[in-house]
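Numbering (this note's numbering), first residue to last: 385 to 728. Idealized CB from N, CA, C, for every residue including glycine. Since the structure is predicted, the reported quantities are computational estimates derived from the model, not experimental observations.
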Amino acid sequence: MSSPHVLVVGAGAIGAFFASRLATVPGVTVSAICRSNYKAVVANGLRVTSPVFDETVLRPAFTFCSPDEARESKQKHDTKWSHLLVATKLIQELGDPSALLDGLVNEGSSIVLMQNGLGIEDPYKKRFPQATIISSTTRTSAIQNKPGHIKHNFLTRTTIGPFTPNANETTSDIATQRTQEFAALLHSAGIPDVDILDHAGMQFARWHKTAINAAMNPTAVLARGPTNRAMVLDEELEIHLKAVMKEVLDVACKILGQPLPEWLPRIADVIQGVKGDTSGSHPSMWVDWEAGRKVELEAILGNPLRQAREHGLVLPRTQTIYALLKKAQEVRENQHSIESKLQT
């Protein structure tokens, strides 16, 4: 793979961390589409501190404030991105997320979806049928303390695999090769624990990560912001968290038609790992909620519920927390709307 040029779409904590690592690979160029941290990144670059890696300050080759600006630059400079690493929050209520990449995908581009949730690949495959779609989940722990400053906390575990439903042998082979090439970039960037999976394995990994997120994320919001560790150390919450994870994984096995792969951590191991995390970290959904932003309600909760219903299956605990959080978000948005009208 010659002279990769990676466009990171969404340079928040996760996007910025991976951008900073990829930029250390000789011959790799990194550009970024930023939002709230755009001015800070233009002024000072992306600063990433870590107990694992040397502190880095990345000044992207191009820093864009929006996809529209990236499209204009692409036309002006005839830029061709080999990889588009999508690390934005997935808020499906705001519209088709794949539309962000219109005009940015070249022939031969790979779209790497490093996002939470189920069923997230389908819109991209429909809009860009000739592109290679690479699915990825990561347990990388990183937060953006202030615009443009990202703090990484040890974890980097990442799974990656081609999205090739109903693909022919040639298409599947190409997607597998490009997935391996991107995984090699991550290894060269110093990410030691990258698991390369096939399509079926990656979908199991997505369900597994979704089970954890469906338990931890909304519970943190509804419980008003305890840390990950505080939740699993609470006797009643631990029972609840384990039960949500179990019902989601049970449904995953029925839908995918296979038992849970041996290589995926068991629920007890996940809980034990969180108990050992003394970093004081909070689930990302709570961070977004506390900041007044919309949360990934549909990607993490709504999509698994809908997939279960399509197969005649139920997720009673997940449905309960989905209904509660959905209503809580509606109430908050209505309150903000009323407050805005009163101020004008």
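Residue range of the alpha helix (DSSP H) that includes Ser572: 553 to 572
So, at 6 Å on beta carbons, what are the nonlocal neighbours of Ser663 in its own chain, with the 5 sequence-adjacent residues on each side left out? Asn537
Is DSSP giving Arg716 helix, strand or coil here? helix
Cβ-based neighbour list, Met586, same chain, cut-off 6 Å, excluding 5 preceding and 5 following: Ser519, Gly545
With H, G and I counted as helix, E and B as strand and the rest as coil, what does DSSP make of Leu502? coil
Quick one, which of Leu539, Ala445, Gly501, Val392 has its alpha-carbon nearest Leu484's? Val392
What number of angstroms, rounded off, separates the C-alpha of Arg590 from the C-alpha of Gly501? 7 Å
Rounded separation between Gln561 and Ile580 - CA only: 11 Å
Taking the alpha helix (DSSP H) that Pro688 falls in, what are its first and last residues? 687 to 694
Helix, strand or coil for Thr516? Go by DSSP, reduced to three states. strand
Going by Cα to Cα distance, which pick from Phe588, Gln656, Cys637 is closest to Asp618? Gln656
Between His666, Gly609, His583, Thr543, which has its C-alpha nearest Ala568's C-alpha? Thr543
Can you give the Cα-Cα distance for Ser721 and Leu644, rounded to whole angstroms? 45 Å
In angstroms with no decimal places, state the Cα-to-Cα distance between Val432 and Glu439. 6 Å
Nonlocal neighbours in the same chain, by C-beta distance under 7 Å from Val658, ignoring five residues either side: Asn612, Arg613, Val616
The alpha helix (DSSP H) with Pro546 in it runs from where to where? Note, Pro546: premise wrong, no alpha helix (DSSP H); beta strand (DSSP E) at 542 to 546.
Could you tell me which residues DSSP pairs with Asp462 in its beta bridges? Its beta-bridge partners do not exist; DSSP assigns none.
If Val628 and Ala607 are in contact, beta carbons under 8 Å, what's the gap, nearest whole angstrom? Contact flag wrong, Cβ pair sits at about 13 Å.
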